[in-house]
Amino acid sequence: MEFLKILGSDALIRQFFTENELDLVSLKKKKRVNWTATEVGKALGLRILSRRAYVFVREVMHYPLPGVSTLKRWAAKLNMRSGILEDVINVMHFKSRSFDMFEKLTVLSFDEMKVRECIEYDQLLDEVIGPKKKVQVVMARGLTGKWKQPVFVDFDQKMTKEILLNILEKLHLIGLLVVCCTSDCASENQTLYSSLGATYEKPYFKHPCNDFDIVCMHDLPHVLKLIRNWLLDKGLILNDCLVINRKPFQTLIDAAQTEVNACYKLQDRHLTRRKSERQNVRLAAELLSHTVATAIAHYNVCGDAEKSEKVASFIELINNFFDLFNVRTWNQSTPYKSPYGCDLYLQKQNELVKETKEVFFNLRSVGKPGLQIFQKVIIRATEALPKLYETVNTLCKELVSTKF
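The sequence shown runs contiguously to residue 404 in full-length UniProt numbering.
What follows is the structure, encoded as structure tokens:
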């Protein structure tokens, strides 16, 4: 092409431009081309980042890109059928090219949700879908990056080992490094992790495409509700045979109605938990909080100072443990609201993790001789957090050494 002779080496130019793009900017002055899926996917990746940036690059810088209307028509034809969303993953491939090493660290979250049982008409495919009872959704999201994207959707489908491994392989091919999987505490998810070789004492399994481990965790807000419900419904027995039940909390609520105290927000609904309130995470977090722990010790609601201190310490332990798993900012003034692994607080954080594991391993529910599901999930979390920290550290060091 004469255009290529003007710009220089043919091979060099073709590293940056596709055949269609070269036709548009060449001296042929070609006005229309048939864009390929790869070209449209790359353009759509830029459009997702910013509409203004896309228009600027196309209209002002005159870079050969498909028109916005072309992108809309192509997006309308995206294959969003049940299963792995292949077209979505292709778009993610182009977008992830701009990610740095840390933004590529990925967490897979999957859950099954109940949907309205009805019949829907798919106009694009001209077929009737439904009725369906549940939908399984797998979400890929950044461990440190601010991005998330569904990569799998299917109706009335349990998560299986084959599906999960297939998703991991697809994401690996586009350069995303999955280091963790999270789900709720459903029995089928526990069976899934077991089939992959993960246990409560060893909560991880090998990535199918490399030698790194993928850590398994459960939904900790859900576990917080379970702890609250077991404590109020049955009562919990600590290792020293101390029984913790609803009585200290009821005493605290009664005291709050007769005088001014720190727990003025604590109400009867925190204990009664009618209907959907049993699933309310906020009520559980407010009940098992630092404020309540401090008030129980200060007001000696158990009638015995030593017993009140032990109850308060147990609640404080739960509060600190869940704070450590819910960190959202880099800089905090306390060890348990700082990111896990900070040199300044790592020793105290590890001590908290170790203490939590010991307490919940020795804990028993009233009338139940063995470990309950919420205890096993807590134990898994105490093993998973340090393992995730170790895996990410090792992975990043190897990637840096390989890159340079």
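Idealized CB from N, CA, C, for every residue including glycine.
All of these numbers come straight from a predicted model, not from anything done at the bench.
Residue span of the alpha helix (DSSP H) that contains residue i, given as start and end
i	result
His172	Lys161 to Leu173
Lys357	Leu346 to Asn362
residue 414	Residue 414 lies beyond the range of the chain shown here (1 to 404); nothing can be said about it.
His298	His290 to Tyr299
residue 418	The displayed coordinates of the chain run from 1 to 404. Any statement about residue 418 would go beyond what the structure contains.
Met92	Glu86 to Ser96
Gln272	The sequence shown places Thr at residue 272, rather than the Gln named in the question. Where Thr272 is concerned, the enclosing alpha helix (DSSP H) stretches over Arg269 to Thr272.
Ala284	Val281 to Leu287
Tyr193	Ser187 to Ser195
Inter-residue CB distance, residue i and residue j (contact presumed, cutoff 8 Å)
i	j	result
Leu71	Ala43	6 Å
Asp154	Thr182	Not confirmed; about 18 Å, so no contact.
Glu112	Lys132	The Cβ separation is near 11 Å, so there is no contact.
Val179	Thr391	6 Å
Ile152	Gly83	Residue identity differs from the one stated: residue 152 is Phe in this sequence, not Ile. Contact flag correct, Cβ pair sits at about 7 Å.
Residues near residue i in its chain [Cβ-Cβ closer than 8 Å; skip 5 each side]
i	result
Lys354	Thr382
Glu169	Pro208 and Cys209
Glu277	Arg269 and Leu283
Lys77	Leu124
Glu188	Lys158 and Met159
Boundaries of the beta strand (DSSP E) in which residue i is found, first to last residue
i	result
Asp154	Lys148 to Phe155
Phe321	Phe321 -> not in any beta strand (DSSP E); alpha helix (DSSP H) instead, spanning Ala305 to Leu324.
Met217	Asp213 to His218
Thr106	Leu105 to Lys114
Leu177	Leu177 to Ser183
Gln136	Lys134 to Gly142
Trp120	Residue identity check: residue 120 is Glu in the sequence provided, not Trp. Where Glu120 is concerned, the enclosing beta strand (DSSP E) stretches over Glu120 to Asp122.
Val128	Glu127 to Ile129
Lys206	Tyr204 to Lys206
Neighbourhood of residue i by C-beta, 6 Å cutoff - its chain only, sequence neighbours within 5 removed
i	result
Thr18	Glu39
Ala297	Ser308, Glu309 and Ala312
Ala293	Ala312, Ile315 and Glu316
Val57	Tyr63
Lys114	Lys134
Leu22	none
Pro386	none
Within 8 Å, strictly: CB atoms of residue i and residue j
i	j	result
Arg81	Ser109	no
Leu177	Lys95	no
Ala295	Leu252	yes
Leu317	Val366	no
Ser308	Asn319	no
Leu288	Arg364	no
Trp230	Gln372	yes
Leu224	Phe314	no
Leu192	Met159	yes
Gln136	Gln149	no
Gly145	Phe102	yes
Phe374	Leu226	yes
Tyr336	Leu352	yes
Thr106	Leu171	yes
Proximal residues to residue i (C-beta, below 7 Å), its chain only, five neighbours per side dropped
i	result
residue 408	Only positions 1 to 404 of the chain appear in the structure, and residue 408 is not among them; the question remains open.
Gly175	Ser96 and Lys104
Tyr389	Tyr340 and Gly341
His222	Asp184 and Cys185
Lys376	Tyr200
Item to check | Stretch-stretch touch, CB-based, cutoff 8 Å, three pairs: the stretch 261-276 with the stretch 206-216 | outcome: The stretch 261-276, when compared against the stretch 206-216, does not touch it at the 8 Å Cβ threshold.
Next on the checklist: Whether or not the stretch 195-212 and the stretch 334-353 are in contact is what I'm after, with contact meaning three or more pairs of Cβ atoms, one per stretch, closer than 8 Å; do they touch?
Outcome noted: A contact is defined here as three or more CB-CB pairs under 8 Å, and the stretch 334-353 fails this definition with respect to the stretch 195-212.
Item to check | Cβ pair count under 8 Å reaching 3, the stretch 165-177 against the stretch 119-137 | outcome: Under the three-pair Cβ rule at 8 Å, the stretch 165-177 does not count as touching the stretch 119-137.
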